[in-house]
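So the protein sequences, as listed, match chains H and W.
Sequential numbering from 232 applies to the first sequence in the numbering used here.
Sequential numbering from 232 applies to the second sequence in the numbering used here.
Reading through the structure tokens given below for one structure.
Protein chains: 2
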Amino acid sequence: MEFPEIERCGFLCVHEDTVKQVLAEMPGDETLYDLAELFKVFGDSTRIKILYALFEAELCVCDIAQLLGITQSAVSHQLRVLKSSRLVKARRDGKTVFYALADDHVRKIIAQGMDHVLE
Amino acid sequence: MEFPEIERCGFLCVHEDTVKQVLAEMPGDETLYDLAELFKVFGDSTRIKILYALFEAELCVCDIAQLLGITQSAVSHQLRVLKSSRLVKARRDGKTVFYALADDHVRKIIAQGMDHVLE
DNA sequence: CAAACATCTGAACAACTGCTCACATGTTAG
DNA sequence: CTAACATGTGAGCAGTTGTTCAGATGTTTG
Numbered sequence: 232m233e234f235p236e237i238e239r240c241g242f243l244c245v246h247e248d249t250v251k252q253v254l255a256e257m258p259g260d261e262t263l264y265d266l267a268e269l270f271k272v273f274g275d276s277t278r279i280k281i282l283y284a285l286f287e288a289e290l291c292v293c294d295i296a297q298l299l300g301i302t303q304s305a306v307s308h309q310l311r312v313l314k315s316s317r318l319v320k321a322r323r324d325g326k327t328v329f330y331a332l333a334d335d336h337v338r339k340i341i342a343q344g345m346d347h348v349l350e
Numbered sequence: 232m233e234f235p236e237i238e239r240c241g242f243l244c245v246h247e248d249t250v251k252q253v254l255a256e257m258p259g260d261e262t263l264y265d266l267a268e269l270f271k272v273f274g275d276s277t278r279i280k281i282l283y284a285l286f287e288a289e290l291c292v293c294d295i296a297q298l299l300g301i302t303q304s305a306v307s308h309q310l311r312v313l314k315s316s317r318l319v320k321a322r323r324d325g326k327t328v329f330y331a332l333a334d335d336h337v338r339k340i341i342a343q344g345m346d347h348v349l350e
């Protein structure tokens with residue numbers, strides 16, 4: 232990110248140095264965009280429920296649909312989103328496709344969020 | 232959440248016990264909704280940038296706007312969202328309002344997300 | 001009080017999201 | 001191969017979201 236050229240308001244509230252430091256340590260726009268995209272994936276009740284359902288065990292699409300009381304199609308659409316964000320992984324066994332959490336990050340991120348919600 | 236009554240697909244992929252356990256340990260719908268709402272707040276580039284800008288120091292609205300190169304109005308709207316989710320806190324000093332991260336949860340949640348993005 | 005300044009807010013609009021529906025794909029059993 | 005089943009996918013639609021614009025609120029100074 233480039234340092235802004237104009238000061239419309241009279242002063243930089245803290246020290247200009249601090250502000251420059253903030254800018255220096257701020258990740259690039261692309262990274263911040265990716266980060267927002269990641270959280271966006273967690274930002275939907277249906278997807279959160281799916282992830283929670285997979286906390287204990289891997290499940291097939293149909294079971295998730297029943298578990299959450301939503302359409303199989305809706306689940307499939309959301310699993311696609313979750314998979315492309317590498318939050319879940321798929322394993323095919325015959326006609327059935329089993330989904331599971333991709334790694335422990337998912338658990339940790341959700342746990343941190345839950346801490347805030349329950350606080 | 233109530234246990235689903237009908238099985239459209241022939242079997243519960245793992246053990247029925249496991250599925251029941253998942254349901255038993257799954258937080259209530261309200262909690263899951265709140266959790267999704269929280270992540271939704273993180274799921275926007277502008278808000279993520281604002282939070283990151285506040286990582287090092289408290290800043291006033293005008294400075295944030297300059298720092299990120301966006302309208303003061305847009306910043307104000309987003310700060311409102313961040314504040315009502317208790318992610319930032321405000322402190323008034325004369326005409327100026329300083330914003331800062333509400334607590335360490337915010338840092339931790341973002342850090343966890345960043346881990347996943349950079350992985 | 002009036003003027004200047006920083007911030008907040010409501011309305012309106014364009015862009016995006018998640019669901020449903022219909023159908024496509026892929027796999028197994030007969 | 002065909003039928004049955006589990007899952008995947010594209011189009012369309014209703015609801016939501018973030019921005020801009022104009023103006024309101026609140027604070028300090030003179």
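Just so you know, even glycine gets a beta-carbon here, dropped at the ideal spot from N, CA and C.
None of the values given here were measured: they were computed from a predicted structure.
Contacts around residue i, its chain only, beta-carbon distance under 8 Å, and the 5 residues preceding and following it disregarded
| i | result |
| --- | --- |
| residue 328 of chain W | 291, 292, 321 and 322 |
| residue 344 of chain H | 273 |
| residue 309 of chain H | 275, 277, 278 and 281 |
| residue 301 of chain H | 277 |
| residue 312 of chain W | 272 and 278 |
| residue 316 of chain W | 268, 269 and 272 |
| residue 232 of chain H | Confidence in residue 232 of chain H is poor, its pLDDT being 44 and thus under 50, which makes the residue's placement too unreliable to answer from. |
| residue 305 of chain W | 277 and 296 |
Own chain residues within Cβ distance below 7 Å of residue i, not counting five before or after
| i | result |
| --- | --- |
| residue 337 of chain W | 282 and 318 |
| residue 258 of chain W | none |
| residue 285 of chain H | 319, 330, 331 and 332 |
Host beta strand (DSSP E) of residue i (start-end)
| i | result |
| --- | --- |
| residue 322 of chain W | 319-324 |
| residue 327 of chain H | 327-332 |
Span separating the alpha-carbon of residue i from that of residue j
| i | j | result |
| --- | --- | --- |
| residue 314 of chain W | residue 289 of chain W | 14 Å |
| residue 347 of chain W | residue 324 of chain W | 38 Å |
| residue 349 of chain H | residue 267 of chain W | 13 Å |
| residue 298 of chain W | residue 295 of chain H | 44 Å |
| residue 262 of chain H | residue 341 of chain W | 12 Å |
| residue 269 of chain H | residue 339 of chain W | 15 Å |
| residue 287 of chain W | residue 256 of chain H | 9 Å |
| residue 326 of chain W | residue 307 of chain W | 14 Å |
| residue 254 of chain W | residue 254 of chain H | 45 Å |
| residue 303 of chain W | residue 334 of chain H | 39 Å |
| residue 264 of chain H | residue 265 of chain W | 23 Å |
Span of the alpha helix (DSSP H), counted from its first residue to its last, around residue i
| i | result |
| --- | --- |
| residue 263 of chain H | 260-273 |
| residue 315 of chain H | 303-315 |
| residue 257 of chain H | Residue 257 of chain H -> no alpha helix (DSSP H), and no H or E assigned at all. |
| residue 285 of chain H | That residue, residue 285 of chain H, is in no alpha helix (DSSP H); it is neither H nor E in DSSP. |
| residue 344 of chain W | 335-349 |
Beta-carbon proximity list for residue i, same chain, < 6 Å, skipping 5 on both sides
| i | result |
| --- | --- |
| residue 260 of chain H | none |
Residues, ordered as in the chain, of the segment 276-291 of chain W that lie near chain H by beta-carbon distance below 9 Å: 276, 277, 278, 279, 280, 283, 284, 285, 286, 287, 288, 289, 290 and 291
Residues of the segment 253-268 of chain W with Cβ closer than 9 Å to any Cβ of chain H, in chain order: 253, 254, 256, 257, 258, 260, 262, 263, 264, 265, 266, 267 and 268
Contact set between the segment 325-336 of chain W and chain H, restricted to residues whose Cβ is under 7 Å from the partner: 327, 329 and 336
Interface positions of the segment 293-318 of chain W facing chain H (Cβ-Cβ less than 7 Å), listed along the chain: 293, 294, 297, 298 and 300
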